[in-house]
Amino acid sequence: MEAMELIGVWIGIALTLGLYSFLYKDNPVFKFCEHVFVGVGTGYMLIYLAIEVVWPKLLLPLLHLFQWDVVPWLGGLFGKTWKVPSTPLEDLETWWLLVPTFFSLFMLVRFIPKVVWLSRWSFAFIVGYTAGNSIYASAQGQLFPQAQATLEPLWPPDAAWGASLNAVIVLAGVLSVLIYFFFSIEHKGGSPGLARSRYILLGVGGLAALAAIWVSMSHPEPEWDRARGAMIIVSLLSILIGFVVCREKHGGIYAISRLGIFFLMIAFGAAFGYTVMARESLLIGRVMELERCAHKPAGFATLILLPLIVGLIAFLETRQPKTPPTQA
Amino acid sequence: MSQETKRPIARWVIFLLVALAAVIPYLMKFELPELPAEVVDALYKEVEALPEGTPVLISFDFDPGAEAELDPMARAILRQCFRKKLRVINLSLYMPQAVPLMQGVIRDISKEYEGRVTKGTDYVVVGFSPAAQASINGMGEDFYSVFPRDMDDRPLKGMPVMKGISTLKDFGLVIDLAAGSLPDYWLVFGQSKHHFKMGLGCTAVMATDYYPYLQSKQLVGMIGGMSAGYRYEKLVGIPGPAGSAMRSLSVIHLLIVALVIVGNIVYFAQRRR
Numbered sequence: 000m001e002a003m004e005l006i007g008v009w010i011g012i013a014l015t016l017g018l019y020s021f022l023y024k025d026n027p028v029f030k031f032c033e034h035v036f037v038g039v040g041t042g043y044m045l046i047y048l049a050i051e052v053v054w055p056k057l058l059l060p061l062l063h064l065f066q067w068d069v070v071p072w073l074g075g076l077f078g079k080t081w082k083v084p085s086t087p088l089e090d091l092e093t094w095w096l097l098v099p100t101f102f103s104l105f106m107l108v109r110f111i112p113k114v115v116w117l118s119r120w121s122f123a124f125i126v127g128y129t130a131g132n133s134i135y136a137s138a139q140g141q142l143f144p145q146a147q148a149t150l151e152p153l154w155p156p157d158a159a160w161g162a163s164l165n166a167v168i169v170l171a172g173v174l175s176v177l178i179y180f181f182f183s184i185e186h187k188g189g190s191p192g193l194a195r196s197r198y199i200l201l202g203v204g205g206l207a208a209l210a211a212i213w214v215s216m217s218h219p220e221p222e223w224d225r226a227r228g229a230m231i232i233v234s235l236l237s238i239l240i241g242f243v244v245c246r247e248k249h250g251g252i253y254a255i256s257r258l259g260i261f262f263l264m265i266a267f268g269a270a271f272g273y274t275v276m277a278r279e280s281l282l283i284g285r286v287m288e289l290e291r292c293a294h295k296p297a298g299f300a301t302l303i304l305l306p307l308i309v310g311l312i313a314f315l316e317t318r319q320p321k322t323p324p325t326q327a
Numbered sequence: 000m001s002q003e004t005k006r007p008i009a010r011w012v013i014f015l016l017v018a019l020a021a022v023i024p025y026l027m028k029f030e031l032p033e034l035p036a037e038v039v040d041a042l043y044k045e046v047e048a049l050p051e052g053t054p055v056l057i058s059f060d061f062d063p064g065a066e067a068e069l070d071p072m073a074r075a076i077l078r079q080c081f082r083k084k085l086r087v088i089n090l091s092l093y094m095p096q097a098v099p100l101m102q103g104v105i106r107d108i109s110k111e112y113e114g115r116v117t118k119g120t121d122y123v124v125v126g127f128s129p130a131a132q133a134s135i136n137g138m139g140e141d142f143y144s145v146f147p148r149d150m151d152d153r154p155l156k157g158m159p160v161m162k163g164i165s166t167l168k169d170f171g172l173v174i175d176l177a178a179g180s181l182p183d184y185w186l187v188f189g190q191s192k193h194h195f196k197m198g199l200g201c202t203a204v205m206a207t208d209y210y211p212y213l214q215s216k217q218l219v220g221m222i223g224g225m226s227a228g229y230r231y232e233k234l235v236g237i238p239g240p241a242g243s244a245m246r247s248l249s250v251i252h253l254l255i256v257a258l259v260i261v262g263n264i265v266y267f268a269q270r271r272r
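So the protein sequences, as listed, match chains V and U. Here the first sequence is numbered in numbering that gives the first Met the number 0, starting from 0 and rising by one per residue. Here the second sequence is numbered in numbering that gives the first Met the number 0, starting from 0 and rising by one per residue.
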């Protein structure tokens, strides 16, 4: 192991042990390691972005544009062989780089109260771009494919019974969870006209659902997919809207919403189980590293640092001022 | 009596038990039964089915915090790609901390296949690009507009490994190894627009979020967490770090199940009193 690598290993093991000392209690060694971790992470990211992104993609072309021949000299300062790009950008393309440059600088003016309003331009641009780009893409990439996957034929031809069961469970889960959320708050108000609309909507929805089920059973061919999809959408929308204008969660609706809770609990349970496994994996990853560094090639780092850190925490503990017991 | 003194098992006893359950099985050697995992097998089969020379994009979107889970997957996938003689293009869109991890994995695995794979012909590391949303959009239009050069500062255009690649849809498979929200970006701004095949390797925490994408066939397969990584290592047939970790993971699971049962028994016993 090279000297630099060995130093890195020792620092890594010391920080690992220091951070695990939180299991005993919050202590100065843990605090120190925590701050080092956050500081190093942020510093690394900042320097990397400056040297590998801002410099070559923004500043280098701009310097080239202005014919400032300082590039090799600056590269030397960072130990890099920076050269003016052999295939420089077109002038117009480079001039465009001034736009993100100014937007970036505007973000920094938040520290100057007089011109703080300039930073809003940058944030407005970011929010506008992200929202505009995401709305259509999310519908195309998440909403429609997921809705389509939910509305799979319940009895597809030549499919195993497991596929049908899966489709039924998915549909039941989605509908019951939606109903649970729509009725989580009691809807106040409503008029006799609204109540009549509700019955009409529920009627239309029910008929459309029956039609969709009939089509699924009698015409499972792909040509009927669109008709089936349209019926299901009409059914789903009208029933949901019909339910939204309801006032209370009772009777059958209450039973369905209870089913929704079961589906939610199953989903939360699965997520929690996976989360526990992830945390265990992280612990095991560190244990593997501690074991790897307990041998000669790593200079017995774990074996030497463990008693040192325990001793340091014990020493700092003795230096802590004792708080007097509070009077009852 | 305070809440602290009411506890039937002290906190440190649980910590100690978990620590022992992590350390002892790791130091011991015992075989675990092989369990099939449909979604992991699906990704493996998808890679196996790719013809020789097919370009595969691997996005290393994880930081050191998730290395324990994702590093074994990355190694297993790279081994499979190199064995299959696929062209591998490696990049990262998550955060700069992913870059040294990516370089480390590629350095180790390419050393294993020394003489059989060549940098620039069979694989390339193109580096990191910030702003994942814009980067994926850019790669969808023109890959070289986002990554004009590789990490060794050589122009990508004209490299043998990049032959026939101009946008994302030219890849035979895109695999995202992620510990954050990057798969959402890849799915929404990449897969749904350009219709390439996509696989996912993710932390266990994320796995449940991405099962719906398997159902909708937007993902061809998924490796979720360390246990799935172990399964993938088994499929590739070369033991890796996940194998050793799985012994500890299994014993910790058993311990936690036992603690949950004990906790419930104590809870109901206390309530009856």
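The C-beta atom is built at its ideal place from N, Cα and C for all residues, glycine as well. On a predicted model such as this, the values are computed, not experimentally measured, just so you know.
query, result
"Between the CA atoms of ARG230(U) and ALA257(U) - distance to the nearest angstrom", "25 Å"
"ALA136(V), buried or exposed, once every other Cβ within 10 Å from all chains shown has been counted against 16", "buried"
"Touching by the beta-carbon criterion (3+ pairs, under 8 Å), the region 193–212 of chain U and the region 107–116 of chain U", "no"
"Alpha-carbon spacing of ARG10(U) relative to VAL17(U), whole angstroms", "11 Å"
"Euclidean distance between Cα positions of SER128(U) and SER134(U)", "7 Å"
"Candidates ALA206(U), ILE88(U), MET245(U) and MET138(U), of which the one nearest PRO24(U) by Cα", "MET245(U)"
"Given MET197(U) as reference, the closest of ALA206(U), PRO182(U) and VAL204(U) once Cα atoms are compared", "PRO182(U)"
"With 16 other Cβ atoms within 10 Å as the buried cut-off, status of TYR122(U)", "buried"
"Any chain U beta carbon closer than 8 Å to GLU316(V)", "no"
"C-alpha distance - VAL8(V) paired with THR41(V), whole-angstrom precision", "20 Å"
"Buried or exposed by the 16-neighbour rule on C-beta atoms within 10 Å, applied to GLU111(U)", "exposed"
"DSSP state of ASP25(V) mapped onto helix, strand, coil", "coil"
"Alpha carbon of THR120(U) to alpha carbon of GLU279(V), nearest angstrom", "39 Å"
"Secondary structure of SER165(U), DSSP reduced to three states", "coil"
"Host beta strand (DSSP E) of PRO54(U) (start-end)", "54–60"
"Touch test, the region 44–56 of chain V against the region 16–33 of chain V, Cβ-Cβ under 8 Å, three pairs minimum", "no"
"Counted within 10 angstroms of its Cβ, other Cβ atoms place TRP94(V) as buried (16 or more) or exposed", "exposed"
"Residues that DSSP places opposite GLU113(U) in a beta bridge", "VAL116(U)"
"Cα-Cα separation between VAL219(U) and LEU56(U), rounded to whole angstroms", "14 Å"
"Proximity winner among ALA269(V), ALA2(V), GLY259(V) and ARG285(V), relative to LEU170(V) (alpha-carbon distances)", "GLY259(V)"
"Short-range partners of chain V found in the region 107–139 of chain U, where Cβ spacing is below 9 Å", "GLY126, PHE127, SER128, PRO129, GLN132, ALA133 and ASN136"
"Per-residue contacts from ALA266(V) into chain U (C-beta, under 9 Å)", "THR207"
"CB contact check: GLU66(U) to chain V, cutoff 8 Å", "yes"
"Supposed contact pair ALA75(U) and VAL173(U) - C-beta distance, whole angstroms, cut 8 Å", "At roughly 17 Å, the Cβ-Cβ gap does not stay under 8 Å, so VAL173(U) and ALA75(U) are not in contact."
"Minimum C-alpha distance to SER109(U) - residue among ALA73(U), SER247(U), ALA20(U) and ASP152(U)", "ALA73(U)"
"Candidates VAL286(V), GLY140(V), THR129(V) and GLU92(V), of which the one nearest PHE186(U) by Cα", "This sequence places Leu at residue 186(U); Phe is not what is there. Checking every option, the nearest Cα to that of LEU186(U) belongs to GLY140(V)."
"Span of the alpha helix (DSSP H), counted from its first residue to its last, around SER91(U)", "Note, SER91(U): premise wrong, no alpha helix (DSSP H); beta strand (DSSP E) at 86–91."
"Counted within 10 angstroms of its Cβ, other Cβ atoms place GLY126(U) as buried (16 or more) or exposed", "buried"
"Residue(s) in a DSSP beta bridge with TYR198(V)", "Its beta-bridge partners do not exist; DSSP assigns none."
"Interface flag, ILE232(V) vs chain A, CB-CB below 8 Å", "The chain labelled as chain A is not found among the protein chains of the depicted structure, namely V and U."
"Beta strand (DSSP E) segment containing CYS80(U), residue limits", "Counting along the chain, CYS80(U) falls outside any beta strand (DSSP E), though it belongs to the alpha helix (DSSP H) covering 66–82."
"ALA227(U) versus ALA146(V): straight-line alpha-carbon distance, rounded", "28 Å"
"Expected contact under 8 Å - CB spacing of ASP60(U) and LEU92(U) to nearest Å", "6 Å"
"Within chain V, the residues that PRO32(U) reaches when beta carbons sit closer than 8 Å", "None at all; the shortest Cβ gap to chain V is about 17 Å."
"Where the alpha helix (DSSP H) through ALA203(U) begins and ends", "203–214"
"Proximity below 8 Å, CB of TYR43(V) to CB of PRO95(U)", "yes"
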